[in-house]
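Chemist: Mapping of the sequence shown onto my numbering: residues 5 to 402, in sequence order. Each residue gets a CB set at the ideal place from its N, CA and C atoms; glycine is no exception. Before I ask anything, let me first share the structure, which is written out below as structure tokens.
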Amino acid sequence: MWSGKLGAGEGAPKNRHIGPSEQDKPAPGAALAAAEAFWKGSSPSGPVDALLAAVVTALIGFGVVMVYSASAVEATVRYKDAQFFLKRQAVYAVLAIATMWITSRIDYRRIKVLTYPVLVAVIAMLVACVAGLGHKAGNAYRWLALGPVNVQPAEVAKLGIVLWLAYSLSKKADRIKSFSVGFLPHLIVVGLLMLLCLKQPDFGSAVVLLFLTFTLLFVAGARVPYIAAFSMLMALAAAALVRFSGYRYARYLAWIDMDNNRADLAYQPFQSVMSFGSGGVFGLGLGRGLQVLYLPEAHTDFVSAIVGEELGFVGIVGLCAAYLVIVSRGVKIALEADDDYGSFMAFGIATLFGVQAMTNLAVAMAILPTKGLTLPFLSYGGSSLLVNAAAAGILLSI
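Written out as structure tokens, the structure is:
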């Protein structure tokens, strides 16, 4: 079983004191120095990871810029206000940074009491969406109106399953290799969430939930044959869902042959690939991209395509490097956690950021079929940004 770097026992306070020699070292850069000044001492576990905080904050700010660049034309046409999406994303960004700061100040061990309330709330919201009470966009009921705010329950479910798995797996540490105790119950819970996501339909979120579950089961020490067998079973089930669903299969065939379907089902991924191609090495410059005239919903799931067009290959490499820093720092935090609960939670959050970023970029480059997954911290939308900010704050508190 993975146990991280255990201290005096579960729940023991962390000892992250910085010695005088380290304190005297100059900050590696202005952004990092500002992050250290803002976050210093904010975590109950000691000084937070300033590099992680700085990168996440920078991505949130960069996301506001890219949302404006990608949405100005559409906002002008639809709302007669070029800054329509910008103003909303700016508010979301401020709330996200505040959320990250607040959650980083909370001892992550106290989050245990929220495990089941969050899980029950997620299930209730997903059921409400499936029952037709949600807001319909296209052919999917993925949003639930809570007063003036539209919430995407699947986004909350991703963090909710990480919190629940971390709690459950840490409690069952001595029985994790048991099929009936350490494996099956977790598969049943994630199976329920997946079914509710598929009913919306939201195939991409269902796959992410399953990937998170298998990853944390592996990290916790569940038997590999169980994970391998059920992974193959789920892969076959996914293939069947695609093959025997007319719309999904048509989208798959269009993705395979984009050239002959670029006017209809493959229009969005084709225009996305065109965005990357037209950007070249250094891009056309911020606000100078032309694909915003052709790429639908460029400010949401395909914002990375606009990054590629306006900032080029260099911009995409920089973006990938930022996500690599986030994931690597998350893994580092997991390895240094004082207890299993913190370790599993850090691994889960790092995996969530990594798999969503990798999948979104792969979809935008037409390496994978369209999945409808947002790019963490960059895509337009409050639900995704606030949930990811809360997850980043929890990571900083471990």
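1. Per DSSP, what are the beta-bridge partners of histidine 190 in this structure?
2. Determine the extent of the alpha helix (DSSP H) in which arginine 333 is found, giving its start and end residues.
3. Starting from leucine 167 and walking both ways along the alpha helix (DSSP H), at which residues does that stretch end?
4. I believe aspartate 53 touches arginine 333 by the beta-carbon criterion, under 8 Å. Please report the beta-carbon distance rounded to the nearest angstrom.
5. Determine the contact status of leucine 290 and serine 73, defining contact as a CB-CB distance below 9 Å.
6. If you scan the region 234–320 from start to end, which runs of the alpha helix (DSSP H) of 4 or more residues do you find wholly inside it?
7. Given that a residue counts as buried once 16 or more other Cβ atoms are within 10 Å of its Cβ, and exposed if not, what is asparagine 364?
8. Pair every Cβ in the region 169–181 with every Cβ in the region 99–109, then say whether three or more of these pairs are closer than 8 Å.
9. From glutamine 27 to proline 51, what distance separates their C-alpha atoms?
10. Let's test the definition: count the other Cβ atoms within 10 Å of the Cβ of proline 380 and tell me whether it reaches 16, buried, or not, exposed.
11. Just to check my reading of the structure: isoleucine 402 and alanine 354 have Cβ atoms closer than 8 Å, yes? What is that Cβ distance to the nearest angstrom?
12. Got a sec? Which residues, its chain only, sit under 8 Å from valine 134 by beta carbon, not counting five neighbours each side?
13. Contact check, serine 276 vs leucine 299 under 8 Å by CB: the rounded distance?
14. Run through DSSP, which three-state label would alanine 144 get?
15. Tell me whether the beta-carbon of glycine 67 lies closer than 9 Å to the beta-carbon of valine 307.
16. Distance check for tyrosine 230 and threonine 378, CA to CA, integer angstroms please.
17. Got a sec? Which residues, its chain only, sit under 6 Å from leucine 96 by beta carbon, not counting five neighbours each side?
18. For phenylalanine 280 and serine 108, I'd like the C-alpha separation in whole angstroms.
19. Report yes if the C-beta distance between glycine 376 and serine 209 is below 9 Å; otherwise report no.
20. In terms of DSSP beta bridges, what is asparagine 154 paired with?
21. Does the Cβ-Cβ distance between leucine 130 and alanine 170 come in under 9 Å?
22. Spell out a yes or no on whether the region 185–193 and the region 217–224 are touching, meaning 3 or more CB-CB pairs, one atom from each, closer than 8 Å.
23. Quick one: what's got a C-beta closer than 8 Å to valine 212's C-beta in the same chain, skipping five residues either side?
24. Could you check the C-alpha separation between alanine 270 and proline 373 for me, to the nearest Å?
25. Beta carbon of leucine 118, beta carbon of isoleucine 165: below 9 Å?
26. When we look at the beta-carbon of alanine 224 and count the other beta-carbons within 10 Å, is it buried (16 or more) or exposed?
27. Are there 16 or more other CB atoms within 10 angstroms of the CB of alanine 31, so buried, or fewer, so exposed?
28. Along the alpha helix (DSSP H) that carries valine 71, what are the first and last residues, could you check?
29. Smallest Cα separation from valine 69: which of Glu78, Val59, Leu90?
30. Give me the residue from Ala396, Leu382, Leu173 with the minimum Cα distance to alanine 226.
31. To the nearest angstrom, how far is it from the Cα of lysine 336 to the Cα of alanine 395?
32. Just the Cα atoms here: how many angstroms apart are glutamate 340 and tyrosine 327?
33. Can you look up serine 25 in the DSSP assignment and give me helix, strand or coil?
34. So which of Val246, Leu245, Ala132, Val285 has the shortest CA-CA distance to glycine 312?
35. Kindly list the residues whose CB is nearer than 7 Å to the CB of arginine 266, restricted to its own chain and excluding five residues on each side of it in sequence; keep chain order.
Modeler: According to the structure shown:
1. Taking the first residue of the sequence shown as position 1, residue 190 is located at position 186. Per the DSSP secondary-structure output, histidine 190 pairs with nothing in a beta bridge.
2. Locating residue 333 in the sequence shown gives position 329, counting from the first residue. That run of the alpha helix (DSSP H) goes 307–340.
3. For the purposes of this step, residue 167 is taken as residue 163 along the sequence shown, with counting starting at 1. Segment 157–175, the alpha helix (DSSP H) holding leucine 167.
4. For the purposes of this step, residue 53 is taken as the residue at position 49 of the sequence shown. For the purposes of this step, residue 333 is taken as the residue at position 329 of the sequence shown. With 8 Å as the limit, aspartate 53 and arginine 333 qualify as a contact, their Cβ atoms being about 5 Å apart.
5. One-based indexing of the sequence shown puts residue 290 at position 286. One-based indexing of the sequence shown puts residue 73 at position 69. Against a cut-off of 9 Å, the Cβ pair of serine 73 and leucine 290 comes out as a contact.
6. If we require 4 residues or more, the alpha helix (DSSP H) runs fully inside the region 234–320 come out as 250–260, 271–283.
7. Sequence index remark: in the sequence shown, residue 364 carries index 360 (1-based). Answer is buried; the Cβ neighbour count reaches 16.
8. Flag = no, the region 169–181 and the region 99–109 do not touch.
9. Here residue 27 is taken as the residue at index 23 of the sequence shown, counted from 1. Here residue 51 is taken as the residue at index 47 of the sequence shown, counted from 1. Low local confidence applies: a pLDDT of 46 at glutamine 27 is under 50, so the model's placement there is unreliable, with the coordinate-based value given in what follows. CA-to-CA, the gap between glutamine 27 and proline 51 works out to about 12 Å.
10. Here the question's residue 380 lines up with position 376 in the sequence shown. Residue environment analysis places proline 380 among the buried positions, since at least 16 neighbouring C-beta atoms fall within 10 angstroms of its C-beta.
11. For this step, residue 402 is matched to residue 398 along the sequence shown. For this step, residue 354 is matched to residue 350 along the sequence shown. Contact check for isoleucine 402 and alanine 354: beta-carbon distance about 11 Å, past the 8 Å limit, so the pair fails to qualify.
12. For the purposes of this step, residue 134 is taken as residue 130 along the sequence shown, with counting starting at 1. A distance below 8 Å between beta-carbons, with the five flanking residues on each side excluded, links valine 134 to the following residues of its chain, in chain order: Tyr145, Leu200, Lys203, Gln204.
13. Indexing the sequence shown from 1 puts residue 276 at position 272. Indexing the sequence shown from 1 puts residue 299 at position 295. Contact check for serine 276 and leucine 299: beta-carbon distance about 6 Å, within the 8 Å limit, so the pair qualifies.
14. Numbered from 1 along the sequence shown, position 140 holds the residue referred to as residue 144. DSSP places alanine 144 within a strand segment (E or B) once states are collapsed to three.
15. By 1-based counting over the sequence shown, the position of residue 67 is 63. By 1-based counting over the sequence shown, the position of residue 307 is 303. Yes. Within cutoff.
16. Looking up residue 378 in the sequence shown gives position 374. Looking up residue 230 in the sequence shown gives position 226. Rounded to the nearest whole angstrom, the CA to CA distance from threonine 378 to tyrosine 230 is 30 Å.
17. Position 92 of the sequence shown, counted from the start, is the residue given in the question as residue 96. A small fix is needed here, since residue 96 is tyrosine in this sequence, not leucine. Result list for tyrosine 96: Gly386, Leu389, in chain order.
18. As a working note, residue 280 is residue 276 in the sequence shown. As a working note, residue 108 is residue 104 in the sequence shown. Straight across, the Cα-Cα distance linking phenylalanine 280 with serine 108 is about 36 Å.
19. Mapped onto the sequence shown, residue 376 falls at position 372. Mapped onto the sequence shown, residue 209 falls at position 205. Cβ atoms of glycine 376 and serine 209: closer than 9 Å.
20. Taking the sequence shown and counting its residues from 1, the one referred to as residue 154 is at position 150. Partner(s): Ala149.
21. For this step, residue 130 is matched to residue 126 along the sequence shown. For this step, residue 170 is matched to residue 166 along the sequence shown. With respect to alanine 170, leucine 130 sits apart: the two C-beta atoms are not nearer than 9 Å.
22. A contact exists between the region 185–193 and the region 217–224.
23. One-based indexing of the sequence shown puts residue 212 at position 208. Cβ contact annotation for valine 212 (same chain, cutoff 8 Å, sequence separation greater than five): Lys162, Leu356, Val359, Gln360, Thr363, Leu377, in chain order.
24. Within the sequence shown, the letter at position 266 stands for residue 270. Within the sequence shown, the letter at position 369 stands for residue 373. Near 9 Å, if we compare the C-alpha coordinates of proline 373 and alanine 270.
25. Translated into positions along the sequence shown, residue 118 becomes position 114. Translated into positions along the sequence shown, residue 165 becomes position 161. Their beta carbons are not under 9 Å apart, which means leucine 118 does not touch isoleucine 165 by this criterion.
26. Translated into positions along the sequence shown, residue 224 becomes position 220. Of the other Cβ atoms in all chains shown, 16 or more fall within 10 Å of the Cβ of alanine 224; this residue is therefore buried.
27. Along the sequence shown, read from residue 1 onward, the residue named residue 31 stands at position 27. Note on alanine 31: pLDDT 48, under 50, position unreliable in the model; the coordinate value appears next. By the neighbour-count rule (16 or more Cβ atoms within 10 Å), alanine 31 is not buried but exposed.
28. To locate residue 71, count along the sequence shown from 1; it is residue 67. For valine 71, the enclosing alpha helix (DSSP H) covers residues 54–83.
29. The residue labelled residue 69 in the question sits at position 65 within the sequence shown. Ranking Glu78, Val59, Leu90 by CA distance to the CA of valine 69 puts Leu90 first.
30. Numbered from its first residue, the sequence shown carries residue 226 at position 222. Residue Leu173 holds the alpha-carbon nearest to the alpha-carbon of alanine 226 among Ala396, Leu382, Leu173.
31. To locate residue 336, count along the sequence shown from 1; it is residue 332. To locate residue 395, count along the sequence shown from 1; it is residue 391. Approximately 16 Å between the Cα atoms of the pair.
32. Counting from one through the sequence shown, the residue named residue 340 turns up at place 336. Counting from one through the sequence shown, the residue named residue 327 turns up at place 323. Here the C-alpha atom of glutamate 340 lies approximately 20 Å from the C-alpha atom of tyrosine 327.
33. Here residue 25 refers to the residue found at position 21 when the sequence shown is read from its first residue. A caution first: serine 25 carries a pLDDT of 44, below 50, which makes its placement in the model unreliable, though a value can still be read off. Of the three classes helix, strand and coil, the one that applies to serine 25 here is helix, per DSSP.
34. Taking the sequence shown and counting its residues from 1, one reaches residue 312 at position 308. For glycine 312, the nearest C-alpha among the options comes from Val285.
35. Position 262 of the sequence shown, counted from the start, is the residue given in the question as residue 266. Take arginine 266, set aside five residues on each side of it, and the residues of its chain with a beta-carbon closer than 7 Å to its own are Phe274, in chain order.
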